[in-house]
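Trainee: With this note's numbering as the guide, the letters of the sequence shown map in order to residues 138 to 608. Think of the CB as a built atom: it goes at the ideal place given N, C-alpha and C, for glycine as much as any other residue.
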Amino acid sequence: MSINSLFAYLEDVYRPVNDIRTDADLKVIGQIPFELCGAYVQNNPNPQFQPEGLYHWFDGDGMIHGLQLQEGKASYRNRYVQTNGYQQEKNAGKAIWKGILNPIDLDSPLAADKDTANTDLISFNGKLLATWWLSGQPYAIDPITLETIGMETFDKSLSVSFAAHPKVDPRTGELVFFGYNPYQQPYLHGGVISKEGRVTSLSSFQCDKPSLFHDIAISENYTIFLDLPMNWDPKKLQEGQRRVRFHKDKPARFGVMPRHDDGTNCQWFELPACYIYHTINAYEEEDAQGNTVVVMTACRIENPLPDCEHSKEPEIPRLFFLRLHPFLYEFRFNLGTGEASQRQLDDYPTEFPRTNDALLGQKQRYSYNPRIAKEPTLLFDGFIKYDLHSGVGEHVSYGPGRIGGETVFVPSANPQSEDDGYVMTFLRDREADQSELVIYNAKQVSDGPVARVLIPRRVPFGFHAEWAPHI
Ligand SMILES: [Fe+2]
Numbered sequence: 138m139s140i141n142s143l144f145a146y147l148e149d150v151y152r153p154v155n156d157i158r159t160d161a162d163l164k165v166i167g168q169i170p171f172e173l174c175g176a177y178v179q180n181n182p183n184p185q186f187q188p189e190g191l192y193h194w195f196d197g198d199g200m201i202h203g204l205q206l207q208e209g210k211a212s213y214r215n216r217y218v219q220t221n222g223y224q225q226e227k228n229a230g231k232a233i234w235k236g237i238l239n240p241i242d243l244d245s246p247l248a249a250d251k252d253t254a255n256t257d258l259i260s261f262n263g264k265l266l267a268t269w270w271l272s273g274q275p276y277a278i279d280p281i282t283l284e285t286i287g288m289e290t291f292d293k294s295l296s297v298s299f300a301a302h303p304k305v306d307p308r309t310g311e312l313v314f315f316g317y318n319p320y321q322q323p324y325l326h327g328g329v330i331s332k333e334g335r336v337t338s339l340s341s342f343q344c345d346k347p348s349l350f351h352d353i354a355i356s357e358n359y360t361i362f363l364d365l366p367m368n369w370d371p372k373k374l375q376e377g378q379r380r381v382r383f384h385k386d387k388p389a390r391f392g393v394m395p396r397h398d399d400g401t402n403c404q405w406f407e408l409p410a411c412y413i414y415h416t417i418n419a420y421e422e423e424d425a426q427g428n429t430v431v432v433m434t435a436c437r438i439e440n441p442l443p444d445c446e447h448s449k450e451p452e453i454p455r456l457f458f459l460r461l462h463p464f465l466y467e468f469r470f471n472l473g474t475g476e477a478s479q480r481q482l483d484d485y486p487t488e489f490p491r492t493n494d495a496l497l498g499q500k501q502r503y504s505y506n507p508r509i510a511k512e513p514t515l516l517f518d519g520f521i522k523y524d525l526h527s528g529v530g531e532h533v534s535y536g537p538g539r540i541g542g543e544t545v546f547v548p549s550a551n552p553q554s555e556d557d558g559y560v561m562t563f564l565r566d567r568e569a570d571q572s573e574l575v576i577y578n579a580k581q582v583s584d585g586p587v588a589r590v591l592i593p594r595r596v597p598f599g600f601h602a603e604w605a606p607h608i
């Protein structure tokens with residue numbers, strides 16, 4: 138991959154695929170555990186048509202790649218998320234929208250941004266929801282066929298936008314989400330959907346500037362919002378220019394809000410400037426005085442735009458190559474004293490962390506963090522199984538020329554411990570131009586995969602993955 142290429146995200150392991158296919162009875166090296174019954178699915182940006190203007194990794198239409206596992210056998214399929222924007226461009230036979238690196242056409246009757254639903258997938262109420270990083274509407278996907286069911290309105294109860302990275306509370310079955318709008322106040326809002334599938338709470342927040350909000354965390358009783366000093370320039374947005382600046386002299390703000398509050402009782406904490414794409418988890422504990430302390434783990438980036446600290450040039454082009462240096466951190470927010478603190482747990486860069494989702498919102502021990510390769514863009518050459526109590530990590534390397542994705546934890550059928558289960562990811566072999574799904578025993582990741590499912594096509598390097606169990 139050339140760092141000078143403006144088409145870097147259309148090349149090498151990012152190169153889109155242009156056919157929709159279904160393949161049964163895939164070849165397996167090793168043995169797929171019989172207790173695995175469901176699908177490993179990943180959401181990838183994959184432009185339907187040749188992009189107009191500059192293309193960024195964040196721009197492509199959402200395409201889901203899925204590996205169905207049942208009784209030790211595997212099948213593969215890929216399908217586009219049939220968003221309204223996808224349909225409009227399909228009908229036009231060409232790209233209508235330009236990506237985020239290009240100016241906004243203020244005279245266009247179309248929305249400024251195309252909701253591609255290309256970012257995340259979450260299992261909720263027997264469906265998969267495909268969501269978008271810039272906050273749009275969730276699209277419901279059949280977890281077996283990967284066909285789009287339609288825009289998910291939660292029985293017409295959803296009246297606000299809905300961003301990637303909602304969280305399911307495994308205890309209550311609620312879906313906690315956030316959304317944002319870079320163009321007008323309130324820039325940030327949150328919400329809760331009951332396990333029956335209706336919006337039960339909404340909250341909103343007046344922030345100074347529209348941040349690049351990307352994730353939240355939940356504990357048993359609280360939602361943690363991240364208002365970090367990497368902002369869209371609101372004036373420039375009005376002029377049709379997407380400029381992003383990182384303000385290293387401004388604090389990172391963390392809002393801890395009772396889950397069903399409307400925002401009024403959100404308690405804000407400040408720490409030194411940083412950016413966080415992804416959290417791992419959060420939980421509550423008590424200090425010696427009986428105050429509630431919310432503890433959150435995440436991958437923290439000290440400076441997300443390191444090349445432009447002293448530049449007056451627009452920063453967006455520097456966002457082009459995501460060269461991130463995120464490290465594992467623990468944050469503590471004391472609701473009684475109002476104090477916040479942070480500490481670094483490891484010094485190896487990782488991103489796209491996952492944990493055992495059955496313990497989301499509760500104190501847990503392990504996370505599975507893809508390891509950042511020494512490349513011009515964000516790519517993963519292995520993963521680390523972290524013991525968050527000690528900060529010690531067990532490294533797994535994929536080997537030369539092999540690039541992984543998000544490492545999803547899938548529990549055993551009757552788990553006896555937190556790490557009783559499997560870790561899975563898609564792997565791409567650059568030289569062979571082929572992909573596979575690798576399945577590790579989560580207790581013994583250093584032993585190598587228990588199964589390699591060979592996929593008769595290349596799956597591009599993409600965004601977030603999920604396990605969709607057969608119910
Ligand atoms: Fe993300």
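Under 8 Å Cβ to Cβ from glutamate 208, same chain only, skipping five residues before and after it: list those, please.
Mentor: These residues qualify, in order along the chain: Phe171, Cys174.
Trainee: Starting from the Cα of isoleucine 592, find the closest Cα among Ile259, Val575, His601, Arg390 and give me that residue.
Mentor: Of the listed residues, the one whose Cα sits closest to isoleucine 592 is Val575.
Trainee: Return helix, strand or coil for glutamate 226, following the three-state DSSP convention.
Mentor: Residue state, collapsed to three classes: helix.
Trainee: Check whether the Cβ atoms of tyrosine 223 and aspartate 198 sit closer than 7 Å, and answer yes or no.
Mentor: Yes; because the gap between Cβ atoms is below 7 Å, this pair is in contact.
Trainee: Would asparagine 628 and phenylalanine 600 qualify as a contact pair, given that the criterion is a beta-carbon distance under 7 Å?
Mentor: In the structure as shown, the chain begins at 138 and stops at 608. Residue 628 is therefore absent and cannot be evaluated.
Trainee: Among Leu442, Cys344, Tyr412, which residue has its Cα nearest to the Cα of tryptophan 405?
Mentor: Out of Leu442, Cys344, Tyr412, Cys344 has the C-alpha closest to the C-alpha of tryptophan 405.
Trainee: Span of the alpha helix (DSSP H) holding lysine 264?
Mentor: Counting along the chain, lysine 264 falls outside any alpha helix (DSSP H), though it belongs to the beta strand (DSSP E) covering 264-268.
Trainee: Lysine 332 bridges to which residues according to DSSP?
Mentor: Per DSSP, none; premise fails for lysine 332.
Trainee: With DSSP as the reference, label proline 371 as helix, strand or coil.
Mentor: Note: proline 371 maps to helix in three-state DSSP.
Trainee: Rounding to the nearest angstrom, what Cα-Cα distance links leucine 627 and isoleucine 438 in this structure?
Mentor: Residue 627 lies beyond the stretch modelled for the chain, which goes from 138 to 608, so this question has no answer here.
Trainee: Which ranges would you report for the alpha helix (DSSP H) in the segment 479-506 if only whole runs of at least 4 residues count?
Mentor: As far as the segment 479-506 is concerned, it has no whole alpha helix (DSSP H) run of at least 4 residues.
Trainee: So if DSSP puts proline 463 in a beta bridge, which residue, or which two residues, is it bridged to?
Mentor: According to DSSP, proline 463 bridges with Ile438.
Trainee: Spell out the partners DSSP gives tyrosine 535 in its beta bridges.
Mentor: Answer by DSSP bridge pairing: none, since tyrosine 535 is not bridged.
Trainee: Quick one: what's got a C-beta closer than 7 Å to glutamine 499's C-beta in the same chain, skipping five residues either side?
Mentor: Taken in chain order, the residues that qualify are Glu357, Tyr420.
Trainee: Which value, in whole angstroms, describes the spacing of the CA atoms of leucine 147 and leucine 465?
Mentor: If I take the Cα positions, the gap works out to 30 Å.
Trainee: So, does the segment 154-161 touch the segment 521-528, judging by three or more C-beta pairs under 8 Å?
Mentor: With the cut-off at 8 Å, the segment 154-161 and the segment 521-528 do not touch.
Trainee: How about isoleucine 237 and arginine 379: do their beta carbons lie closer than 7 Å?
Mentor: Yes, these two residues count as a Cβ contact at 7 Å.
Trainee: Return the CA-CA distance between methionine 627 and lysine 385, expressed in angstroms with no decimal places.
Mentor: Shown here, the chain extends from 138 to 608; a query on residue 627 therefore has no answer.
Trainee: Three or more C-beta pairs closer than 8 Å, one from the segment 329-344 and one from the segment 243-257: is that the case here?
Mentor: No contact exists between the segment 329-344 and the segment 243-257.
Trainee: Are alanine 495 and proline 307 close, meaning C-beta to C-beta below 7 Å?
Mentor: It is a contact, given that the beta carbons lie within the stated cut-off.
Trainee: So for leucine 147, helix, strand or coil by DSSP?
Mentor: Correct three-state label for leucine 147: helix.
Trainee: Indicate whether isoleucine 413 and leucine 363 have their beta-carbon atoms separated by less than 7 Å.
Mentor: Contact: yes.
Trainee: Quick one: Cα of proline 586 to Cα of aspartate 518, how far?
Mentor: Cα to Cα, the separation comes out at about 15 Å.
Trainee: Suppose the cutoff is 7 Å on Cβ atoms and the five residues either side in sequence are ignored; what does the same chain contact list for aspartate 279 look like?
Mentor: For aspartate 279, where only same-chain residues beyond five positions count, the Cβ hits under 7 Å are Ile286.
Trainee: In the DSSP assignment, find the beta strand (DSSP E) that holds glutamate 573 and state where it starts and stops.
Mentor: Start and end: 571-578.
Trainee: Just to confirm my understanding: we take serine 478, look at its own chain, exclude 5 residues before and 5 after, and list those with CB closer than 6 Å. What are they?
Mentor: Here the set comprises Arg469.
Trainee: Could you check how far apart the C-beta atoms of tyrosine 559 and tyrosine 577 are, in whole angstroms? I think they sit under 8 Å.
Mentor: Rounded, the Cβ-Cβ distance is 6 Å, consistent with contact.
Trainee: Tell me whether asparagine 215 sits in a helix, a strand or coil according to DSSP, three-state version.
Mentor: Here asparagine 215 sits in strand by DSSP.
Trainee: Closer than 6 Å by C-beta to phenylalanine 314: which residues in its own chain qualify, once you throw out the five before and the five after it? Chain order, please.
Mentor: Correct list, in chain order: Phe299, Pro303, Gly328.
Trainee: Which residue wins for smallest C-alpha separation from tyrosine 151, given the options Gln168, Lys164, Met200, Lys522?
Mentor: It is Met200.
Trainee: In terms of residue numbering, what span does the beta strand (DSSP E) encompassing tyrosine 523 cover?
Mentor: Its beta strand (DSSP E) spans residues 517-524.
Trainee: Checking 7 Å against the spacing of the C-beta atoms, do valine 297 and glycine 316 come in under that value?
Mentor: In this structure, glycine 316 lies closer than 7 Å to valine 297 by Cβ.
Trainee: Which residues have a Cβ closer than 7 Å to any heavy atom of ligand 1, listed in chain order?
Mentor: The filter returns Thr256, Asp257, Trp270, Ala301, His302, His351, Asp352, Tyr414, His415, Phe600, His601, in chain order.
Trainee: Counting along the chain, where does the beta strand (DSSP E) carrying aspartate 257 start and finish?
Mentor: First-last of the beta strand (DSSP E) with aspartate 257: 257-261.
Trainee: With DSSP as the reference, label valine 297 as helix, strand or coil.
Mentor: DSSP places valine 297 in coil when its eight states are reduced to three.
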